[in-house]
Amino acid sequence: MSLTAIREKFRKFLAQKSLRVTNQRLAIFDAAFAQKEHFTAEELLDSARAIDDSVSRATVYRTLPIMTESALLREVDIGTGEKYYYPNQSGGSTQVAQVVCVDCDKIFEISAPFMEWYGSTVSSKLGLTPVSQRLQVSAHCDSWRLTGKCPRRS
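For the sequence shown, the working numbering gives the first residue as -16, with consecutive numbering after it.
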């Protein structure tokens, strides 16, 4: 899905929720989709302010749940007390697993198409319908273990 189509999906989602399409929300959208790595709300605030300096912290924190609910962003909790986000370039729900390097806290996402089947199979055995699921693996960096240096650590 093109970025223009994803942006239009965001506009339509805001309209469905009776929320205004503002320059600040669009700057937050643009900043989020310009990210190449997982990011925090504070990192997004800095990026959005580079686009539009009127973007407020409150607007970022109010917009992130909207973008998550619309499946434009994935929210990732790695257990550090801070949530990370990642743009869903396909614009829809995608089954991914996260692998978190416990040495540098870098988050990797890999396609995990089996998750939909697994979640449905396990849930249906209990007479339930899955609403959400996630697979997250914590791992040590082999390079860190062998050399004491992690190539991803800044």
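Glycine included, C-beta positions come from ideal geometry on N, C-alpha and C.
The region 20 to 38 makes no contact with the region -11 to -2: fewer than 3 CB pairs, one atom from each, lie closer than 8 Å. Secondary structure of L27 (DSSP, three-state): helix. Linking G62 to V79 through their CA atoms gives a straight-line distance of about 18 Å. With 16 or more other CB atoms across the displayed protein chains lying within 10 angstroms of its CB, L56 is buried. In the displayed model, I11 falls within a helix according to three-state DSSP.
In the three-state scheme derived from DSSP, where H, G and I count as helix and E and B as strand, D35 is classed as coil.
Inside the region 39 to 99, DSSP marks whole beta strand (DSSP E) runs of 3 or more residues at positions 56 to 60, 66 to 70, 79 to 84 and 90 to 94, from first to last along the chain.
By the CB criterion at 8 Å, I90 and H21 fall inside the cutoff. V120 sits in a strand when the DSSP states are folded into three classes. F16 is not bridged by DSSP to any residue. In the DSSP assignment, F22 forms a beta bridge with Y68.
Less than 8 Å separates the beta-carbon of A17 from that of S30. Annotation: the continuous alpha helix (DSSP H) that includes R128 extends over D125 to T130. Contact fails between the region 105 to 120 and the region 66 to 73, because fewer than three Cβ pairs, one in each stretch, are under 8 Å apart.
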